[in-house]
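Residue numbers (our numbering), protein chains in the order written: chain A, 166 to 410; chain B, 166 to 410; chain C, 166 to 410; chain D, 243 to 508; chain E, 243 to 508; chain F, 243 to 508.
Built from N, CA and C at the ideal position, the CB exists for glycine as well.
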Amino acid sequence: MTKKPLTLINKKNIRVDGRKLDELRPIKIELNIIGNANGSAYIEQGKNKILAAVYGPKEVHPRHLALPDRALLRCQYHMSPFSVKERKRPAPSRRETEISKVIRECLSPSIFGEYYPRTSIDIYIEVLEADGGTRCSGIIAASLALADAGIPLRDLVAACAAGKVEEHLVLDLNGPEDNKGTDMPIALMPTFNAVTLLQMNGILTTDEFEQALNLAVKGCEQVYTLQKEALKARYINVKEEVEEE
Amino acid sequence: MTKKPLTLINKKNIRVDGRKLDELRPIKIELNIIGNANGSAYIEQGKNKILAAVYGPKEVHPRHLALPDRALLRCQYHMSPFSVKERKRPAPSRRETEISKVIRECLSPSIFGEYYPRTSIDIYIEVLEADGGTRCSGIIAASLALADAGIPLRDLVAACAAGKVEEHLVLDLNGPEDNKGTDMPIALMPTFNAVTLLQMNGILTTDEFEQALNLAVKGCEQVYTLQKEALKARYINVKEEVEEE
Amino acid sequence: MTKKPLTLINKKNIRVDGRKLDELRPIKIELNIIGNANGSAYIEQGKNKILAAVYGPKEVHPRHLALPDRALLRCQYHMSPFSVKERKRPAPSRRETEISKVIRECLSPSIFGEYYPRTSIDIYIEVLEADGGTRCSGIIAASLALADAGIPLRDLVAACAAGKVEEHLVLDLNGPEDNKGTDMPIALMPTFNAVTLLQMNGILTTDEFEQALNLAVKGCEQVYTLQKEALKARYINVKEEVEEE
Amino acid sequence: MTFSTMIMRGRHKQIAQSILSGKRLDGRGLTDYREIKLVTGIIESAEGSARVYLGKTDVIVGIKIGIGEPFPDLPNKGVLTVNSEFRPIASPNFRAGPPGEKSIELSRVVDRGIRESSAVDLEKLCIIPGKKVFVIFIDISILNHDGNLIDASAIASLAALLNTKFSNYEVENDEIKIKTGYTQLPVLNHPITVTVAKIEDKLVIDPSLEEERVIGAKLTITVEDSGNICAIQKSGSDYFNKQLILEAVKLTNEKIGDLRKIIVED
Amino acid sequence: MTFSTMIMRGRHKQIAQSILSGKRLDGRGLTDYREIKLVTGIIESAEGSARVYLGKTDVIVGIKIGIGEPFPDLPNKGVLTVNSEFRPIASPNFRAGPPGEKSIELSRVVDRGIRESSAVDLEKLCIIPGKKVFVIFIDISILNHDGNLIDASAIASLAALLNTKFSNYEVENDEIKIKTGYTQLPVLNHPITVTVAKIEDKLVIDPSLEEERVIGAKLTITVEDSGNICAIQKSGSDYFNKQLILEAVKLTNEKIGDLRKIIVED
Amino acid sequence: MTFSTMIMRGRHKQIAQSILSGKRLDGRGLTDYREIKLVTGIIESAEGSARVYLGKTDVIVGIKIGIGEPFPDLPNKGVLTVNSEFRPIASPNFRAGPPGEKSIELSRVVDRGIRESSAVDLEKLCIIPGKKVFVIFIDISILNHDGNLIDASAIASLAALLNTKFSNYEVENDEIKIKTGYTQLPVLNHPITVTVAKIEDKLVIDPSLEEERVIGAKLTITVEDSGNICAIQKSGSDYFNKQLILEAVKLTNEKIGDLRKIIVED
């Protein structure tokens, strides 16, 4: 309803939210915030506010979907109606269906699913407020929720986008940047240098693509550090709780 | 499409349809009117015209819904597309879903469901014409349909609304009264003084609420008498049929 | 968007597409054109372009639909969104549902379904381009697809419409004729003189009806010859393929 | 084969044998209708209504009139739509949910009879050409299913149309104003629908639900005022030969007089 | 009976006995709320928002304002709609898909309290009479289900409404132009909702999920600023007698003061 | 493990070993396409159409042009929508019903390539700014599924766009009048899509259905006329390392020339 600023990056290479080109938005993580779930996490990344919860491993409903040799992994990424400027209808959109699929596929290689044959592990991601890069924020939270649920993981999955805005390569695009520029979210298991998600829309030369990929990987590594800190803090909490009892 | 009358109650406390404040609309009941059902009833209450049918106790579909210790009670309240001024789309509305729920819950305590574990008892209410208070009329018919189906009941469930229209407490609101005033439908198992349904929308002081509750209970008692008469007439019919054979 | 021609049949009894009154549109048939299906056929009849495929006999999903004494026959007639002037929404229309039913019922008597109890035979008809009489074209292709699938048949089912356009009885109505006149599609198992489909909309006297019926039967017999030729060609192909190996 | 399947098959055999002998289990001749009861104008909230009993089959039709847009290619015509509901109140075999194929077929067969005979004068239902027309909703509700739903629905639909009135109105500056009084819906033709069922090469009229389970195929034939056929639908997984089809048409022509009397002179 | 069913029944007995003794398993008195935490204005993308914790129950409400058409019979009033989502993130018993009956009932009960008390001044939300009005979407998301969802949702909804601002605008030639600045949503009344549950003839406030499994029936009562009742909903398959109903109303009246303080003076 | 599972695993091993050896079971090299056949203009009822065979994979795309409203934030642009149907005619594993996640992903990946490369000049599709624009429906139907559906669909979609004409028209008093003649759809860019699959650290082009069952992950890369990348989608539950990603991009660049020739110079 208001006019967009003419430029998203000023002459000093500072972005509209005050960040440098290669700077992540501030990230705040909390674990174990949904009482009913086996594991859960909350993330704020800039204005993104996202919950992730894991239920399982548990019996599969409907039963005929159960896999004989590993856990069935399911994922639902969902936006609250009030999470965006124009109210979003509650029924899942095609965009949400696609994102649910790529998130499931990006978390799948991190899970020792073969430990839990004939069960399901259900991941729910609820976007309470969206400002660009929600799939990455959602992945960060969901991977932590899996860890919080005590599910054995090969590695945490970190996620971060790089992209191109007004001729600059930038890290971790916010909403206005995402709308205007080229966005390339990736997910990474840093220990294995394994890129488990990669999407792009916009325009990049082959060289820019390689640079953006390197930038996104660096972003993931920073995210990974924050994820591990959050997990450590959670274990300390648990330990204290146990010792207090 | 025509203007509403300015007042619904005249200076002599007579309502638009000629009733006194505490007078029920004329009620006509017929039992056993749907050949395929295990029990059925038809009610006319003022302009309301409503059918109720009971199928069961019978095998549960889908099977996984069966309850080990009692019958599964289900209820669908449905309005025919032509039952109201503006054609109603056939798909169930949120209003119909809510009313189906409260009717099921209001009939449930009257049924010895524990006699029929692993079965279902399905109640269908079809509103052919609606003029206010259809949930009460529907309950009256549905309770009789249960009795007609030979399902053992703790008591019949009677139902009647009281409310407030133009500063008067009134019994059994018709359509225009319901639209304009405060409506409070209740259902009652008179033998147990058990209120099994209670809803209200509109404005009542605490005192008015108590008076309206008393008024509605009295309405239910009158309805109850009519229900028992209808049931008696049905038994006499059955007896005659049997003896004729 | 353009005006329709004033007459569909000229003074010399020639139709807009150059045909005589009792002349079929040119028909082109190919078998075995969908690699994944057990049997398939493609038909062009005038501008109609239609695929039919048969999957089965195979295990029934969901299982509770299986029949103890014969195969479950299912049929889906579907129009591609681009097959008609105004884009057709992908969800099945009421028209498609009705046509699926009558096609299933018209093919059913031709199949020795009792040879395959507890299985399903699924017929899919996809209309790529529609210009009148698609149900008949679809039946022609579907019956051949059943034969191509090696399912034992009492007879092939031929199909053809007759009707009345501008006071003339005509065979095999195309789109504009169908829109303007009386259309009466039938399906026939010629060996048994068995009419397995008969629908009509428009106006016919009793006499005209009988004449149209005779005309349509003759059309079916011509179609039948083409069907048998197509089948023979297919067997020769198969034989050659086998001998080449 | 379970015990109940055996009983059922025995019953089916009995029905078929009885029909072969020219007499039905309920005492009717092969081409007799069950008792037909018709009541009209029973639903005040509807612009028109009718309820038809064919024996224990019980069908109600209500007609609502709304205002909508015409189809782009028919800017001067009102819109007519037929919908039917096989709700679970009417039979243990009906399920809640969107209409299934039988319900859709019934709606479309009834629709075809009304439409092809031009029963309703749709041009009289145009309010503002290309913009606003009356929309006629014919809603068929099955209340008890004991066979021959199409005939019952067709009778009730025509009777309800004949019973339909709509509000007078005037158009002022493209706004529709409702005036006092009502006008009868202009009905120009009276399509009568007869379903002829085939059991073991015998033709039977007005089959009951039990008989329908034995029937292989049915022909539903609709005839308009002038005696012309305006719609046919074959249903069921059996076939007809040409001779039987022509007999069915003949039988229909014998029956429509009585039905028309019941509906039109009601 | 399976082993887990036996354990569950034992637990249910324990809960009931504890309530009969006047003290609940979590230490609360019968009419004590769990700790109530309310935060508002937490969602920047929403015109208003509030998150409420009742113990471990966690509900968020976001308010969006759109522009739409008024109802034909209320051309001068804005439109208000309440929707709730019981998404599977909040409980192993919630399933994805369209709202079920519990979600619909909750939405409608919250809606009734707001609507019947005329909490929102809908006439102030009319932009062009008969043509354009503001539409208020109240969307309730359950984030963790530990019982008493209706009260939590009603508190959050009212708090979110009180937190709602919408853009200033002006109308020029039937076009709506957004101006700078915001106006507070006009809230005229503050309906407070209390659910009173019946366990073995005892009345209990703010039941936990575990307690709800033992509860036979609940009364949800909404009271407006003047102390009048504006909505009631009985739910559950047990019954109330008249005496208990009146007690429930009394109990509600005792509780609304504290709740109103939390919400309104927030 | 059932017998058929054992056979299947044996086959999977065979496929993988063969690829490790640099030669595929059907004789192709790792980066060879199957035979590509393209026919356009085959559907007269569509404004544009194309059918593509990749070996036994058979995909048809039809383009319909309708008239609709623009998006409020893009009042001067036509609307483009991509829809795909995985109907059961094409594979025993496809089910009837609304599009599943694979169909949605395919539609969105094809859409992204077309949209991000600005392949269609949407501004030329505006009729009356803010009110009426042309809507381009790209409908993808899978007719036989033998692997690599995305590439086949992308090729067919671009070829169908290049084959699309729409009626001439003029606007008079806000009414759209169709004139005689047709105009070619303005296509400004030719996005070419290549899917690179990873099997055991080897990169493979144009996988067959059988190969897809062994494949852990795929990268779908779209390149526009100038050689820039305009869309990427990784799919599948395995991962890529950076080196393989860059190789995949290189491989794509080697392949697009041939594909562009087939489509554009058709």
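Practice task
Taking only runs that begin and end inside the segment 276 to 324 of chain E, name each unbroken beta strand (DSSP E) of 3 or more residues, in chain order.
Solution key: 278 to 282, 290 to 296, 299 to 310
Problem - Minimum C-alpha distance to aspartate 448 (chain E) - residue among E:Ser360, E:Asp274, E:Gln256, E:Gly458 - result: E:Asp274
Exercise for the section: State yes or no: is the beta carbon of glycine 314 (chain C) nearer than 9 Å to at least one beta carbon in chain D? Expected result: Going by the sequence as given, residue 314 (chain C) is alanine instead of glycine. No, no contact with chain D.
Handout entry: Cα-Cα separation between lysine 265 (chain F) and lysine 255 (chain F), rounded to whole angstroms
Key = 14 Å
Exercise for the section: Step through the CB atoms of chain D and report whether any lies within less than 9 Å of the CB of methionine 166 (chain B). Expected result: Note that methionine 166 (chain B) scores 41 on pLDDT, short of 50, meaning its location in the model is unreliable and no value can be drawn from it.
Exercise for the section: Using DSSP bridges, identify the partner residues of tyrosine 280 (chain A). Expected result: The partner list for tyrosine 280 (chain A) (beta bridge, DSSP) is empty, contrary to what the question assumes.
Exercise for the section: Give the residues from the segment 240 to 272 of chain C that approach chain F closer than 7 Å (Cβ to any Cβ), ordered along the chain. Expected result: Gln241, His243, Ser245, Pro246, Phe247, Ser248, Val249, Lys250, Arg252, Pro255
Problem - Where the segment 346 to 369 of chain A meets chain F: residues whose CB sits under 8 Å from a CB there - result: Met349, Met354, Phe357, Asn358, Ala359, Val360, Thr361, Leu362, Leu363, Gln364, Met365, Asn366, Gly367, Ile368, Leu369
Handout entry: Interface partners of phenylalanine 482 (chain F) on chain A, CB under 9 Å
Key = Ala359, Val360, Thr361, Leu363
Exercise for the section: Could you work out which residue in C:Glu405, C:Asn366, C:Arg184 is closest to glycine 355 (chain D) when comparing CA atoms only? Expected result: C:Asn366
Handout entry: Beta carbon proximity, arginine 354 (chain D) to chain C, threshold 9 Å
Key = yes
Handout entry: Per-residue DSSP class, three states only, for asparagine 386 (chain E)
Key = strand
Handout entry: Beta-carbon proximity check, glycine 204 (chain B) vs valine 225 (chain B), cutoff 9 Å
Key = no
Problem - In DSSP terms, what glutamate 294 (chain A) is bridged to - result: A:Lys214
Exercise for the section: Grab the span of the alpha helix (DSSP H) containing aspartate 393 (chain E) for me, first residue to last. Expected result: 391 to 404
Practice task
Output the distance between the C-alpha atoms of leucine 378 (chain A) and isoleucine 304 (chain A), rounded to the nearest integer angstrom.
Solution key: 18 Å
Problem - For alanine 306 (chain B) and alanine 206 (chain B), believed in contact at Cβ under 8 Å, the rounded distance - result: 4 Å
Practice task
With DSSP as the reference, label histidine 243 (chain C) as helix, strand or coil.
Solution key: strand
Problem - Backbone CA spacing between asparagine 386 (chain F) and alanine 326 (chain C) [nearest angstrom] - result: 30 Å
Problem - Interface partners of isoleucine 199 (chain A) on chain E, CB under 8 Å - result: Asp300, Ile331, Ala332, Leu385, Asn386
Exercise for the section: Name the one or two DSSP bridge partners that lysine 374 (chain E) has. Expected result: E:Ile370
Practice task
Drop a sphere of 10 angstroms on the beta-carbon of glutamate 466 (chain E), count the other beta-carbons inside from all chains shown, and report buried for 16 or more, exposed for fewer.
Solution key: buried
Handout entry: Alpha-carbon to alpha-carbon, threonine 299 (chain E) and asparagine 402 (chain A)
Key = 22 Å
Exercise for the section: Answer yes or no: does any C-beta atom of chain A fall closer than 9 Å to that of glutamate 412 (chain E)? Expected result: no
Exercise for the section: Along the beta strand (DSSP E) that carries leucine 445 (chain E), what are the first and last residues, could you check? Expected result: 444 to 447
Problem - Partners in chain B for alanine 398 (chain D), counting only beta-carbon separations shorter than 7 Å - result: Residues of chain B passing the Cβ test: none, with the nearest at roughly 12 Å.
Handout entry: From F:Val321, F:Lys440, F:Tyr411, F:Ala394, residue whose alpha carbon lies closest to that of arginine 502 (chain F)
Key = F:Ala394
Practice task
Determine, using beta carbons only, whether lysine 374 (chain D) and glutamate 311 (chain D) come nearer to each other than 9 Å.
Solution key: yes
Practice task
Ignore the nearest five residues each way along the sequence and tell me which others in lysine 168 (chain A)'s own chain have a CB closer than 7 Å to its CB.
Solution key: The pLDDT assigned to lysine 168 (chain A) is 49, lower than 50, so where the model puts this residue is not dependable; a value taken from the coordinates is nonetheless given after this. If we look at lysine 168 (chain A) and ignore the five residues flanking it on each side, it has no Cβ neighbours.
Exercise for the section: State the Cα-Cα distance for the pair leucine 338 (chain A) and alanine 381 (chain A), rounded to the nearest angstrom. Expected result: 11 Å
Handout entry: chain C residues whose Cβ lies nearer than 8 Å to that of arginine 350 (chain D)
Key = Arg259, Arg260, Glu263
Practice task
Kindly list, in the order they appear in chain D, the residues whose Cβ is closer than 8 Å to that of valine 388 (chain C).
Solution key: What valine 388 (chain C) touches in chain D: nothing, since even the nearest Cβ is about 17 Å away.
Problem - DSSP beta-bridge partners of glycine 328 (chain C) - result: C:Val335, C:Asp348
Exercise for the section: Excluding the 5 residues preceding and the 5 following arginine 399 (chain C) in the sequence, name in chain order all residues of the same chain whose CB lies nearer than 8 Å to its CB. Expected result: Leu196, Asn197, Asp313
Exercise for the section: For the beta strand (DSSP E) containing glycine 367 (chain A), list its first residue and its last residue. Expected result: 359 to 369
Exercise for the section: Would you mind working out which of D:Glu277, D:Asn390, D:Thr282, D:Gly469 sits nearest phenylalanine 374 (chain C), comparing C-alpha positions? Expected result: D:Gly469
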